[in-house]
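Asks:
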Amino acid sequence: MSLPKDDHLAKLTGTAYPGAPLTESSTIKDWLDHPTGRALFLAAWGARDDFDDQSLSPISSSKLPHLVLLSGGQFPQEALEQLWEHAAAASILEVRAPDAGVGRQYGSDAGDLPEWNDIAVYDVNSEPPHATLMPYDSVEQALRGDRTDSSFRLSLDGDWRFSWSKTPATRVENFFEESFDDSSWGSLPVPASWQLHGYDFPVYTNLAYAWTGPNGGDEQPSPLGNYPHAPTRYNPVGQYRRLIELPPGWDGRQVFIHFEGVESAYYLWVNGKKVGYREDSYSSSEFNITSFLRPGTNQVSVEVYRWCNGSYLENQDNTQLSGIFRSVYLFSTPAVHVRDFRLTTPLSDDYTAASLDVQVTLRGYGGDNEGRLYTVTAELYDDDTPVPGAHLALPAVAGRRCSDVVVSGRIPVSSPRLWSAEQPNLYGVVLQLIDPSGAVIETLSQQIGFREAAIVEGVFRINGKTVSLRGVNRHEWDPHTGRSLTVESMVHDIRLMKQNNINAVRTSHYPNDPRWYELADRLGLYVFDEANNETHILRPNVPGNLPELTDALVWRMQNMVHRDKNHASVVAWSLGNESGVGSNLEAMYRWVKEYDPTRPIHYADATGDPSGIVPETISDFDAEFYTPVDLMQQRAHRGNRPYLLTEYAFSKGNTAGYLERYWDIIRSYPDSLQGGFIWDWQDKGLWWPVPGGAPGTQFLSHGGDWGDRPHDLTEAMSGIVLSDRTPTPKLAETKQAYQPIQVSPVDLAAGEVALKNEYLFTDLDAFTAKWQVFENGARVQEGTLASGQLNAAPGETVTVHIPYSLPKPKGGAEYWLNLTFTLEDRTVWSDPGHVVSFHQFRLPVARGKSARMTPSDLDALALADDGDAIVVRGERFTVTVDSATGRLTSLVYDGQEMLASELHPNFVRSPTDADRGYAGLTEDVTKPWWRAGEQWTCTRLTVSHPRPSTVLIDVEGAVTTFGQAPVTSHQRVRMTIFGNGQIRVESIFAPADDAPRAPVIGVTMGVAKELDRIRWYGRGPHESTADRKASTFFGEFQGAVADQVTRYCRPQDSANKADIRWAALTDDSGRGLLFAADGDGVFFNAQPHGPAEMARVLHWHELPESERIVVRVDGAQEGVQGGNWDVAPRPAQYQLPPSRGVQKTQFRIMPVTAIVKTADIAQVVIDDPAVPSL
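Heads up: take any position in the sequence shown, counting from 1, add 22, and you land on this note's numbering.
#1: Tell me which residues share the same chain as residue 379 and place their Cβ nearer than 6 Å to its Cβ, disregarding the 5 neighbours each side in the sequence.
#2: Hey, how far is the Cα of residue 410 from the Cα of residue 403?
#3: Do you know how far the Cα of residue 244 is from the Cα of residue 313?
#4: Anyone know if the C-beta pair for residue 491 and residue 523 falls short of 9 Å?
#5: Run through the segment 571 to 646 for me and flag every whole alpha helix (DSSP H) of 4 or more residues, listed as ranges in chain order.
#6: Compute the Euclidean distance between the alpha carbons of residue 350 and residue 215, then round it to the nearest angstrom.
#7: At a cut of 8 Å, does the segment 875 to 894 reach the segment 821 to 828 through at least three beta carbon pairs?
#8: Please state whether the Cβ-Cβ distance between residue 519 and residue 703 is less than 9 Å.
#9: With a CB to CB cut of under 6 Å and the five nearest residues on each side skipped, what residues in its chain are close to residue 306?
#10: Where does residue 1107 sit, in a helix, a strand or coil, going by DSSP?
#11: Does DSSP classify residue 754 as helix, strand or coil?
#12: Among 960, 469 and 536, which one has its Cα closest to the Cα of residue 347?
#13: Could you give the residue range of the beta strand (DSSP E) that holds residue 521?
#14: Rounded to the nearest angstrom, what separates residue 266 and residue 178 at their Cα positions?
#15: Can you confirm whether the segment 180 to 200 touches the segment 319 to 327 when touching is taken to mean that 3 or more C-beta pairs between the two stretches lie within less than 8 Å?
#16: So, with DSSP's three-state summary, where would you put residue 652?
#17: Check whether the Cβ atoms of residue 1100 and residue 1170 lie closer than 9 Å to each other.
#18: Using the beta-carbon count (16 or more within 10 Å), is residue 587 buried or exposed?
#19: Looking at the structure shown, is residue 795 part of a helix, part of a strand, or coil, going by DSSP?
#20: Output the distance between the C-alpha atoms of residue 637 and residue 532, rounded to the nearest integer angstrom.
#21: Determine the direct distance from the alpha carbon of residue 430 to that of residue 401, and round the result to whole angstroms.
#22: To the nearest angstrom, how far is it from the Cα of residue 845 to the Cα of residue 544?
#23: List the endpoints of the continuous alpha helix (DSSP H) containing residue 295.
#24: If I follow the unbroken alpha helix (DSSP H) through residue 162, where does it start and stop?
#25: Please state whether DSSP places residue 808 in a helix, a strand or coil.
#26: Quick check on the burial criterion: 16 or more other C-beta atoms within 10 angstroms. Buried or exposed for residue 1190?
#27: Write down the C-beta distance between residue 13 and residue 1109 rounded to the nearest angstrom, noting that I regard them as a contact closer than 8 Å.
#28: Are the Cβ atoms of residue 828 and residue 771 separated by less than 9 Å?
#29: Please look up how many angstroms separate the CB atoms of residue 420 and residue 358, rounded, as I've assumed it's under 8 Å.
#30: For residue 155, I'd like the list of residues in its chain whose CB is within less than 6 Å of its CB, leaving aside the five on either flank, ordered along the chain.
#31: Among 1143, 521, 278 and 619, whose alpha-carbon lies nearest the alpha-carbon of residue 938?
#32: Please report how far the alpha carbon of residue 802 lies from the alpha carbon of residue 984, in whole angstroms.
#33: DSSP state of residue 1050, grouped into three classes?
#34: Taking the beta strand (DSSP E) that residue 996 belongs to, which residues open and close that run?
#35: Taking the Cβ atom as the reference point for each residue, do residue 424 and residue 385 lie within a distance shorter than 9 Å?
#36: Have a look at 1135, 150, 538 and 368 and flag the residue whose alpha-carbon is nearest the alpha-carbon of residue 1103.
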């Protein structure tokens, strides 16, 4: 692969081209359309024999820098950079090249690289990583395990004096001096990100590095950055100062300062003396500051850089912030202390016995301790009680100053209660260090779980059982505080996950707050712990095989593994995210394999290999991103490693469709398909002041709202809960797909069903099983299964008899069996009665014939046509249809106008994120259909009055879409008006063969805003779509129309209801309109705003006050997407291409005056042979 030589380039320079010049925002198509650009592009592409314009058509609307990612490695980064350079030299590219020496300037010392801009430096003088620990005053205190409750700990959380500078060159250079006067400075809380306190601005980019373009002062225009150089033109620096007083009793002890998280790099001074430097934002870091301290008051100063060249390894898909965002504290130890410890729990082959293997690392810090004999004791506790015989004492001779001495031993443990996510049984281990005189000088503790996590014969197992990972990816996020989390929010997350059948979390894409793992141990989660490593747009070249990054990456891996190694919840290590492949990842893998063979290693990325298989040299799993559901069965037979969906079910906005299809296949191949992690847990919005709004008013903001350029808008809003952790229908669908008790019908007529217990360690009799039989929405029978019927051990299936009587059919009725499984006892994550699993089955009872009316039962109608309007009058109602357009324009019942806008065919919904497409890689399915239904033209209108009580209005017309070329399809709407005020609407759409896909096919109208209450029979209680309805069930539901809307970050379609038999919109008195479907129902949607209003805004507060309720009745809808991120098409069965043929939407509109009569009125069908259905 080569670019043109200079002589060839000279011929291209200055080539005349009448079109617009190329810029960094030009698309691939722009380059191909430009003669010089095309020549350079083809040369960079390698003059491939298989190249033609069509080979790039799916991504031709994307910007050129994205090609590195989108071509799957076929277009390397270096080719892109050369192309960029040659195009600029040819004067066809309007982009300013980076300044000479960018990233190599610091202050006035050109060429003198500071640590934050030296790729070879990532750590100066910090302590080696170790397990999370804290010295305690007593065994009792150690068993409680509250690391904040120790006399040997001094919290430095709280207000610090703070100064912010725009660039490293303009920072206050002498701020760390003790004599420096900081009285003019402001204050900043710790932990916190300074962007959330009025300094600087957040940045959200998915692919591009956060400091490129205007975000970094236009120093580095390419989204690739300028590896390995950190930005200097705009790279804010935060400087922190505070005074500390050491607690009494710390004299003669070693004192350490511990930072749990600082983004992205920092220097530390104590009393004016530099202590060290540190990178790796998400790992704990620590410095021994004993020699820098003095009695009394001490000054601590910290200088934090927003970006360093280590940030090239931290290109995670999340909002970029900076500062000391996790806790900071001092702790003190004796002169000889337990610097680290490692606790492992090998189990016997039959899992009835175990060992507690103890490895302790001692370090001495001088004095006369070298060569003296110390003793380390380890004792196992069950709650507060020592386990008999579970004790050991290890002699240890103190080594030389600052050298480590490692001692180890084993404690046999018989019949331990094993740890799992289902049953998170924990024991306490207390370590004590005893000096030569016999005095206890240090007491530490750790909660442990006896468990095994291993891949055996190609299957991932927990304690010998094949595990199904029902997981989510989770960023650390809070809409108020960004990355800084409270224990309460973490507990809330885990409990909400567990209550929705989630048993696993991938810490995407960095080590989390240390408290997260303690909570996961206690509450029960399987954690895939991920290293702080993601290069994304720079892969596959960075880190690739670059030797200058090997040590830094292995070091980052060590920081995580050493810190988290003692947590039972950590069942696998992950090397990072989207960083390609190569020798650096292999080095990380080898180190972990050697250090910790007790856990498997995970990694996934686009490899450039056509097979897509991640090499065994970097992953013990066959792990993959966003595998289409149609390929899942194929993956079950691929290779000999457990298959894992590292990310799937991309959940941006209104999506997460067809999740149950994934799990139907996963359940069919439990020994090869072992689950996956939904992308992702939570939207990552920030509460932000409303521009121009009243004081205190806020909205949930996203990329672009903070002045960040470039940005990726709402791409981070991809959670199954909202930013404030409000559950969405996506969470309900997750709960349903993940539910661990499966029910299948055996003989519903005889009341027999099969119960499968998918738990690994929990018997089915731990639950209460209740059954109910419903007639439409009314409960008619109920009971509870006897406890003896639930004798199903883990993994077993049992057939049970449910003692209901098969109902005798009533007119228009259908019958449903509901089965609910609830917790029998309280757990650490929920209360008794919590619903774990729910199933509904339609009983085999023939649907009785609905009540019938004949034309003779109805009042006569008056028909008038004045040329402008067709008016049909009946007893207490008037219907008006426009004579020219054939549209229903007015519907008056008892003198009250029910319509706020006319009824007409409709083919659009408020575009969902998936409907809009992504970066030109997928089509915007709504675009050709905008106004197609609204501008529907009438070509033929006929009116007939076949009976005194019946009027028929039949409208035929044309619907034109505007894609690449106009396409006209046929549309017919028939309205049959009966003497009781009922209107039967039939909409028939016949698409042209070349018509584009339609998001929805049906009709729409506006009704009076006073009709703001909804009651319906069909799927509920939350919204459902064509491809996301497994978590809903048939019943009667009611509520406010506004409450049906899910406030996804970006306003878009919601409130949809699938398989609706009837829905009533009424005012507070119960007066309103009833919409009743024939057959198996329609899609029904009522919400305060319409597609056009929502499509033109980015935020909910920008919507105007609604003057109507917008109603959609659809006979067909496309799904909302689910398996892949935005670049993948929906599966064929959830699309509406013209090949699906004629689509019909049929329903009845009628008045209601008392809500209690709605169900009865909906059943009434009018038989009139003179006007049969189309």
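Glycine residues also receive a C-beta, built at the ideal position from the N, C-alpha and C atoms.
Replies: Looking at the coordinates:
#1: 366 and 432
#2: 9 Å
#3: 45 Å
#4: no
#5: 572 to 586 and 605 to 617
#6: 14 Å
#7: no
#8: yes
#9: 282 and 585
#10: strand
#11: helix
#12: 536
#13: Taken as a continuous stretch (DSSP letters only), residue 521 belongs to no beta strand (DSSP E), being part of the alpha helix (DSSP H) at 509 to 521.
#14: 8 Å
#15: yes
#16: helix
#17: yes
#18: buried
#19: strand
#20: 22 Å
#21: 14 Å
#22: 19 Å
#23: That residue, residue 295, is in no alpha helix (DSSP H); its beta strand (DSSP E) goes 295 to 300.
#24: 161 to 166
#25: coil
#26: buried
#27: Here the chain covers residues 23 to 1196 and nothing more, so residue 13 does not appear.
#28: yes
#29: 5 Å
#30: 466
#31: 1143
#32: 53 Å
#33: strand
#34: 988 to 1000
#35: yes
#36: 1135
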